[in-house]
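The numbering used here applies: residue 10 is where the sequence shown begins, and numbers increase by one.
Just so it is clear, CB atoms sit at the ideal spot from N, CA and C, and this is done for glycine as well.
Following: one structure in structure tokens, then a few remarks.
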Amino acid sequence: MGSKLGLVGLPNAGKSTLFNALTHAHAAVAPYPFTTTDRNVGVASVEDPRLEALGNCVSPERVVPTSIEFVDIAGLVKGAHKGEGLGNQFLSHVYSVDALLHVVRCFEDSNVAHTLESVDPLRDVEIITTELLLKDLEILQRRADHDQKLARSGDKQAQKFLDVISRWIEALSKGIPIRRLPLAGEEHPQAFGIDLLSAKPVLYIANVGETALSAAWDSLRQKIADEQSGLVICCAKLEAELVELEPSDRQAMMQACGIQESALNRIIRESATLLRLISFFTTTSKILQAWTIPKGTKAPQAAGVIHTDFEKQFIRAEVISTKDLVRCASESAARAQGLLRLEGKDYVVQDGDVIHFRIGQ
Ligand SMILES: Nc1nc2c(ncn2[C@@H]2O[C@H](COP(=O)(O)OP(=O)(O)OP(=O)(O)O)[C@@H](O)[C@H]2O)c(=O)[nH]1
Ligand SMILES: [Mg+2]
Numbered sequence: 010m011g012s013k014l015g016l017v018g019l020p021n022a023g024k025s026t027l028f029n030a031l032t033h034a035h036a037a038v039a040p041y042p043f044t045t046t047d048r049n050v051g052v053a054s055v056e057d058p059r060l061e062a063l064g065n066c067v068s069p070e071r072v073v074p075t076s077i078e079f080v081d082i083a084g085l086v087k088g089a090h091k092g093e094g095l096g097n098q099f100l101s102h103v104y105s106v107d108a109l110l111h112v113v114r115c116f117e118d119s120n121v122a123h124t125l126e127s128v129d130p131l132r133d134v135e136i137i138t139t140e141l142l143l144k145d146l147e148i149l150q151r152r153a154d155h156d157q158k159l160a161r162s163g164d165k166q167a168q169k170f171l172d173v174i175s176r177w178i179e180a181l182s183k184g185i186p187i188r189r190l191p192l193a194g195e196e197h198p199q200a201f202g203i204d205l206l207s208a209k210p211v212l213y214i215a216n217v218g219e220t221a222l223s224a225a226w227d228s229l230r231q232k233i234a235d236e237q238s239g240l241v242i243c244c245a246k247l248e249a250e251l252v253e254l255e256p257s258d259r260q261a262m263m264q265a266c267g268i269q270e271s272a273l274n275r276i277i278r279e280s281a282t283l284l285r286l287i288s289f290f291t292t293t294s295k296i297l298q299a300w301t302i303p304k305g306t307k308a309p310q311a312a313g314v315i316h317t318d319f320e321k322q323f324i325r326a327e328v329i330s331t332k333d334l335v336r337c338a339s340e341s342a343a344r345a346q347g348l349l350r351l352e353g354k355d356y357v358v359q360d361g362d363v364i365h366f367r368i369g370q
């Protein structure tokens with residue numbers, strides 16, 4: 010789908026550890042900073058209880074969940090916007106993703122170096138946020154210089170953008186990320202063909218480790234609440250160990266650690282929400298499959314996710330909601346009750362739709 014989340018944070022925050030847990034990968038993890046230099050890319054399956062309920066109705070041979078792509082990015086340090094540390098490399102990878110998982114080190118462990126020699130989640134968040142803001146400021150200032158010349162020669166579009174830019178520059182100078190501004194459709198950076206790092210939605214991950222929370226934790230929680238961003242608390246190291254275990258051993262270890270649900274499912278669910286993704290389902294006699302699309306996608310484009318040719322060859326969609334199908338217990342019963350709707354090319358696919366696409370040649 011091209012919707013990707015990037016894991017960002019200071020070196021040794023636990024990004025690669027969390028990435029491995031999410032995507033069942035084996036990216037290098039080590040107690041010294043800058044273990045990750047190039048990025049790691051992987052996908053995580055989206056666990057969806059609706060698949061089990063639908064499976065009982067259609068008895069498929071195979072169930073295929075949908076997935077989300079994660080990118081594990083090199084650690085950032087102060088001055089990254091000017092190229093410090095792995096700054097330029099880090100930032101170019103941040104540009105390539107649609108939303109950010111900001112991993113914050115909240116665990117104390119004397120064996121794991123901290124580039125600033127103390128655990129201070131709020132300070133760390135501010136370092137990363139500031140680097141993104143400074144990079145945006147640099148880009149906007151360059152664009153403003155360019156557009157000023159055009160505006161002087163009477164370019165109306167450039168004049169309009171200059172007004173918007175000056176408001177964005179003012180916000181960034183006060184430490185406010187672009188994502189927190191009310192961005193009306195026309196005033197979105199994308200509408201001006203500009204990609205801003207601080208416009209990307211963020212979900213914070215507090216990597217609390219196995220030890221007691223540090224005192225600075227409360228101020229971090231307060232900051233995130235003030236920003237109205239999401240926060241998931243997890244122990245990345247434990248999550249990475251859990252995914253390596255057989256299900257029965259995993260259950261036993263979770264019980265021993267007093268964990269009811271893995272934080273990974275919550276992170277994946279909230280990541281999908283952050284990307285404004287919804288799921289629809291397709292069924293054949295063999296496969297029940299989940300697919301993700303951005304909210305607001307119309308039926309032909311949803312068909313195009315299954316196979317690019319399907320978008321052009323789309324004729325109609327036969328649609329039933331998961332709720333109706335599960336209530337009827339089978340497709341034939343739902344059909345008999347007239348619950349399958351025929352929808353055309355303007356139909357906006359809804360979360361949980363079960364769809365049979367009619368495709369031409
Ligand atoms: N005690 C403890 N150690 C952790 C936890 N999460 C990660 N670590 C350790 O912290 C060290 C750094 O973890 P990484 O996942 O490599 O960190 P990173 O953020 O990817 O670091 P860079 O790639 O250098 O930016 C490793 O030794 C991990 O085992 C945790 O929850 N508790
Ligand atoms: Mg790493």
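Taking C-beta atoms under 8 Å as the contact rule, Ala245 and Thr26 qualify, at a distance of about 4 Å. Taking a C-beta distance under 8 Å as the contact criterion, Leu190 and Ile137 do not qualify as a contact pair. Distance from the CA atom of Asp258 to the CA atom of Gly313, rounded to whole angstroms, is 41 Å. Taking the CA atoms as reference points, Ser105 sits about 10 Å from Phe99. The Cβ neighbour count for Glu140, taken over all protein chains shown within 10 Å, is at least 16; the residue is labelled buried.
Short of 7 Å from the beta carbon of Val72, and not among the five residues preceding or following it, lie these beta carbons of its own chain, in chain order: Leu60, Gly64 and Leu297. As computed with DSSP, His111 is found in a beta bridge with Val17 and Tyr213. Annotated as proximal: Ile277 and Ala53, with beta-carbon spacing under 8 Å. Annotation for Cys243: no alpha helix (DSSP H) segment contains it, though the beta strand (DSSP E) segment containing it runs Gly239 to Cys243. In this structure Cys115 touches Ala215 by the C-beta definition: roughly 5 Å separates them, less than 8 Å. Taking Thr291 as the centre and dropping the five residues before and after it, the same chain places the C-beta of Leu297, Gln298, Trp300, Ile315, Val363, Ile364, His365 and Phe366 closer than 8 Å to its C-beta, in chain order. Per DSSP, the unbroken beta strand (DSSP E) holding Ile287 starts and ends at Leu286 to Thr292. Boundaries cannot be given for His90, as no alpha helix (DSSP H) includes it and DSSP labels it neither H nor E. The C-alpha of Leu16 is placed about 16 Å away from the C-alpha of Glu135. When DSSP states are grouped into helix, strand and coil, Val73 belongs to the strand group. Taken from the Cβ of Asn65, every heavy atom of ligand 1 lies 7 Å or farther away. When beta bridges are read from the DSSP output, Leu351 appears opposite Glu327.
Between Phe289 and Val358, the gap from beta carbon to beta carbon is short of 8 Å.
Here the segment 268 to 285 lies against the segment 30 to 44, with 3 or more beta-carbon pairs under 8 Å apart.
The alpha-carbon of Pro42 is positioned some 15 Å away from that of Arg48. Secondary structure note for Ile302: its beta strand (DSSP E) is the uninterrupted segment Ile296 to Pro303. Looking at the DSSP output, Gly51 bridges to Phe79. Between His111 and Val211, the C-beta spacing is below 8 Å.
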